[in-house]
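Asker: Sharing a structure, written as structure tokens. Questions coming.
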Amino acid sequence: DLSHNIILYLEGISVSFDGFKALNDLNLYIEAGELRCIIGPNGAGKTTMMDVITGKTRPDTGSAWFGQTVDLLSLSEPEIATAGIGRKFQKPTIFPNHTTFENLELAMAGDKAVWKVLFARISSEQADRIDSVLRTIGLSDKRNVLAGSLSHGQKQWLEIGMLLMQSPELLLVDEPVAGMTPQETERTAELLVSLSGTHSVVVVEHDMAFVRSIARTVTVLHQGSVLAEGSMDQVQNDPKVIEVYLGD
Ligand code: ADP
């Protein structure tokens with residue numbers, strides 16, 4: 019039974035803003051460990067979909083489940099984060115006047131006051147965990163550098179590291195390579211691919227070369243529902259998809 023492997027289950031989701039259907043009977047199924055890319059023209063409903071998953075927007079109809087047992091529509095935004103869904107927005111929310119290490123320390127502590135966290139003694143297990151995340155995101159050599167002085171790409175990786183400190187099962191990543199150099203883009207692809215397997219990752223991205231380089235399965239949204247789904251080659255050659263992108 020394949021449904022045992024589904025970590026995120028959206029069915030029949032509709033969201034209206036003043037009568038306009040931003041999502042229109044959307045169905046989406048993400049498998050555990052999968053790296054899925056969501057593409058689609060502006061206004062297709064990608065952001066609204068992420069907002070529904072994280073509890074920021076409530077759908078008018080439909081159901082949304084995380085794993086077999088967690089009904090996302092019954093949880094608040096903070097409860098959904100605690101349940102294991104982490105979201106990375108495009109705009110970094112790092113603490114620029116604290117070091118990379120301290121940023122991860124703060125992320126591990128959740129929403130405790132900054133001064134309380136930084137004056138507390140951390141255990142060697144906690145320090146090891148932070149160092150392990152630093153290695154994952156490739157910033158071990160930036161451990162004691164102020165986050166504000168990191169490059170654009172490094173800030174984005176730090177932000178992913180901050181999410182990882184909360185041990186999410188599902189990572190939602192919004193336009194991870196916007197504004198990155200080609201080298202940073204390549205490292206981001208490696209990072210996201212390395213996180214899949216142990217995590218499920220859903221990426222919204224406009225950079226098609228990047229999407230091609232990371233995704234096994236691509237979902238194309240259009241007018242609030244799924245227009246096409248499959249490998250990059252499959253969706254790229256789908257006449258419905260070609261029509262939508264030519265008209266964009
Ligand atoms: P995408 O992320 O794919 O560009 P969005 O989910 O941001 O698409 O938007 C889908 C549609 O819903 C757009 O037409 C947008 O203008 C509209 N929309 C999104 N959020 C709101 C809102 N809070 N109020 C009114 N309309 C909205």
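Everything in the sequence shown is counted per the UniProt record's numbering, starting at 19 for the first residue and increasing by one. The beta-carbon is built from N, C-alpha and C at its ideal position, and this holds for glycine as well. These numbers come from a predicted model, not from an experiment.
1) Hey, quick one: how far does the alpha helix (DSSP H) through F38 stretch, first residue to last?
2) Compute the distance between the beta-carbons of G171 and E202, then report whether it is under 8 Å.
3) Assuming V56 contacts V222 under a Cβ cut-off of 8 Å, what Cβ separation, rounded to an integer in Å, is found between them?
4) Touching or not, the segment 101 to 121 and the segment 150 to 169, by the rule of three or more beta carbon pairs under 8 Å?
5) If we ignore side chains and look at the alpha-carbon of each, how far apart do D206 and R76 end up?
6) Note down, in chain order, each residue of its chain lying with its Cβ closer than 7 Å to the Cβ of T66, except the 5 sequence neighbours on either side.
7) L210: which of T199, P200, V195 sits nearest, CA to CA?
8) Find the nearest neighbour of Y27 within the set K64, P59, G80, judged by alpha-carbon distance.
9) Just to be sure I understand the criterion: a residue counts if its Cβ is closer than 5 Å to at least one heavy atom of the ligand FAD. Which residues meet that?
10) Sort S92, D129, I148, V191 by Cα distance to H224 and report the nearest one.
11) Go through its chain and collect everything with a Cβ distance to I140's Cβ below 7 Å, but skip five positions before and after it.
12) Look at H217 and L189 and say whether their C-beta atoms are less than 8 Å apart.
13) Report buried or exposed for F107, applying the criterion of at least 16 other Cβ atoms within 10 angstroms of its Cβ.
14) Around the Cβ of D69, are there at least 16 other Cβ atoms within 10 angstroms (buried) or fewer (exposed)?
15) So which of V262, A233, G104 has the shortest CA-CA distance to S243?
16) If you draw a straight line from the alpha carbon of N255 to that of F35, how long is it in whole angstroms?
17) Which stretch, first to last residue, makes up the alpha helix (DSSP H) that contains V135?
Answerer: A quick look at the data gives this:
1) That residue, F38, is in no alpha helix (DSSP H); its beta strand (DSSP E) goes 38 to 49.
2) Yes, the Cβ-Cβ distance between G171 and E202 is below 8 Å.
3) For clarity, residue 56 is Ile in the given sequence; the question names Val instead. 5 Å between Cβ atoms; contact.
4) yes
5) One point to set straight first is that residue 206 is Thr, not Asp, in the sequence displayed. Roughly 31 Å between the two C-alpha positions.
6) Cβ neighbours of T66 beyond the five flanking positions: V33, A40, L41, T75.
7) V195
8) G80
9) With respect to the ligand FAD, the structure offers nothing, as its ligand set consists of the ligand ADP.
10) V191
11) E123
12) Using a Cβ distance threshold of 8 Å, H217 and L189 count as a contacting pair.
13) exposed
14) buried
15) Minimum Cα distance to S243 is reached at V262.
16) 32 Å
17) 132 to 137
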